[in-house]
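Undergrad: Here the sequence shown is numbered in the numbering used here, starting from 24 and rising by one per residue.
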Amino acid sequence: MLAGWAEAGATGGAGSSVTPVGDPTGQVGDWELAVGDNNKRALMAGMVASVNPLSEEAPPDGEVAWQDGTTTKVPLLSAQEAIVAIENTTAAPCADCAMLLVTDARLTSGPIQTTRGPATAPIWEFTVQGTAVKVTRVALADPVVVASQGEGDPQLGLAIDSASGTVGGHGLTVAFVGAPDPGDKPCGEDYTAEAVESDLAVVVIVTRHPHVAPFGEACSAVGARRTAAATMAAPLGDRVVLDLQQGTPVPVVLAP
24 MLAGWAEAGA TGGAGSSVTP VGDPTGQVGD WELAVGDNNK RALMAGMVAS
74 VNPLSEEAPP DGEVAWQDGT TTKVPLLSAQ EAIVAIENTT AAPCADCAML
124 LVTDARLTSG PIQTTRGPAT APIWEFTVQG TAVKVTRVAL ADPVVVASQG
174 EGDPQLGLAI DSASGTVGGH GLTVAFVGAP DPGDKPCGED YTAEAVESDL
224 AVVVIVTRHP HVAPFGEACS AVGARRTAAA TMAAPLGDRV VLDLQQGTPV
274 PVVLAP
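1. Just confirm the distance between the C-beta atoms of V156 and I109, as a whole number of angstroms; I'd bet it's less than 8 Å.
2. Under 7 Å between the Cβ atoms of V44 and P274?
3. How about A198 and G211: do their beta carbons lie closer than 7 Å?
4. Applying the 10 Å Cβ sphere with the 16-neighbour rule, what's the burial state of G36?
5. Got a sec? Which residues, its chain only, sit under 7 Å from G192 by beta carbon, not counting five neighbours each side?
6. For I183, name the three-state secondary structure that DSSP assigns.
7. In the structure shown, what three-state DSSP assignment does G59 receive?
8. Rank E104, D165, S73 by C-alpha distance to the C-alpha of L123 and give the top, closest one.
9. Report the residue ranges of all alpha helix (DSSP H) runs contained in full by the stretch 84 to 117; include only those spanning at least 4 residues, in chain order.
10. For the beta strand (DSSP E) that contains V229, what are its first and last residues?
11. Should T143 be listed as close to the ligand ADP, given that the test is whether its C-beta is under 6 Å from any heavy atom?
12. Helix or strand or just coil, what does DSSP make of R64?
13. Just how far apart, CA to CA, sit P209 and A236?
14. Which stretch, first to last residue, makes up the beta strand (DSSP E) that contains E80?
15. Output the distance between the C-alpha atoms of L267 and A186, rounded to the nearest integer angstrom.
16. Tell me the rounded alpha-carbon separation between G38 and V161.
17. Distance, Cα to Cα, R248 vs V200?
Right, here's the structure in full:
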């Protein structure tokens, strides 16, 4: 997994100074009832095409700004490149969906999640024929992208969804969905975390320690937000934190 991230970073362009987290394709507004079923599935399938020719010229470098005031300049996709990026993203194929037809494009800015926490970044906003909903795509060119490995074996460690720590500190706290109660209670669990590190990334392995229950103890499937703390050999710095289950980066917030 760490090797996979190193390979992805080596193929990233100048835009790899910012690593977005989550789906770079989104929407503004809710689909209308008449088109919602088709349009939702079509977007997930990457079925987007432009009615009119869109600019193939990349706009000037844009700015990404974090909540702590830090900013950086990054190269951007052209409108046409953003459409192609959406087309190449297929979460779920849809053989019976009608294509989403784009009639206009506007470069704007909006909130995104990154490996360094929430930020504001350039975003392409597309007008779609027959709906008031706008389709969006994060406009950063050549970010580091690593393909999800899919759901892994939970026996190897739990999936994490975020991490936090302090600048210069060796501690890293990860958040995940676990049992509502601690391990000294029926159906409860305790958790420990271990950091596996490289020069570019950190993988945190979260291990379950379930309550030792008598035979026949019935537990619900309700989950709760839990945390566990790991100790790194070196401060996190510019490294990313990867989810063990899917091998993809999670948002990280470092306090002063």
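Where a beta carbon is used, it is the ideal one built from N, C-alpha and C, also for glycine.
TA: Looking at the atomic coordinates:
1. As a position in the sequence shown, residue 156 is number 133, starting the count at 1. As a position in the sequence shown, residue 109 is number 86, starting the count at 1. Your pair V156 and I109 does not check out as a contact, with CB atoms roughly 14 Å apart and the cut at 8 Å.
2. To locate residue 44, count along the sequence shown from 1; it is residue 21. To locate residue 274, count along the sequence shown from 1; it is residue 251. Contact: yes.
3. Residue 198 sits at position 175 when you count from the first residue of the sequence shown. Residue 211 sits at position 188 when you count from the first residue of the sequence shown. Taking 7 Å as the Cβ cut-off, A198 and G211 do not qualify as a contacting pair.
4. In the sequence shown, counting from the first residue as 1, residue 36 sits at position 13. Caution applies to G36, whose pLDDT of 49 falls short of 50 and renders its modelled position unreliable; the model cannot decide the point.
5. The residue you call residue 192 lines up with position 169 of the sequence shown. So the list reads P258, once near-sequence residues are dropped.
6. In the sequence shown, the residue the question calls residue 183 occupies position 160. Secondary structure of I183 (DSSP, three-state): coil.
7. For the purposes of this step, residue 59 is identified with residue 36 of the sequence shown, where counting begins at 1. In the structure shown, G59 sits in a helix (DSSP, three-state: H, G or I).
8. For the purposes of this step, residue 123 is taken as residue 100 along the sequence shown, with counting starting at 1. Across the set E104, D165, S73, the C-alpha of S73 shows the shortest separation from the C-alpha of L123.
9. Note on the stretch 84 to 117: whole alpha helix (DSSP H) runs with a minimum of 4 residues are 102 to 110, in chain order.
10. Residue numbering aside, residue 229 sits at position 206 when the sequence shown is read from its first letter. Taken as a continuous stretch (DSSP letters only), the beta strand (DSSP E) holding V229 covers 224 to 233.
11. You won't find the ligand ADP in this model; it holds no ligand whatsoever.
12. Here residue 64 refers to the residue found at position 41 when the sequence shown is read from its first residue. In the structure shown, the three-state DSSP call for R64 is helix.
13. One-based indexing of the sequence shown puts residue 209 at position 186. One-based indexing of the sequence shown puts residue 236 at position 213. Each residue's alpha carbon lies about 7 Å from the other.
14. Within the sequence shown, residue 80 is the residue found at index 57, counting from 1. For E80, there is no enclosing beta strand (DSSP E), as DSSP gives it neither H nor E.
15. Numbered from its first residue, the sequence shown carries residue 267 at position 244. Numbered from its first residue, the sequence shown carries residue 186 at position 163. One alpha carbon belongs to L267, the other to A186, and they sit about 13 Å apart.
16. The residue labelled residue 38 in the question sits at position 15 within the sequence shown. The residue labelled residue 161 in the question sits at position 138 within the sequence shown. For G38, the predicted model reports a pLDDT of 45, less than 50, meaning its position is unreliable and no value from the coordinates is stated.
17. As a first step, residue 248 must be located in the sequence shown, where it is residue number 225. As a first step, residue 200 must be located in the sequence shown, where it is residue number 177. Each residue's CA atom was taken as its position, placing R248 and V200 some 5 Å apart.
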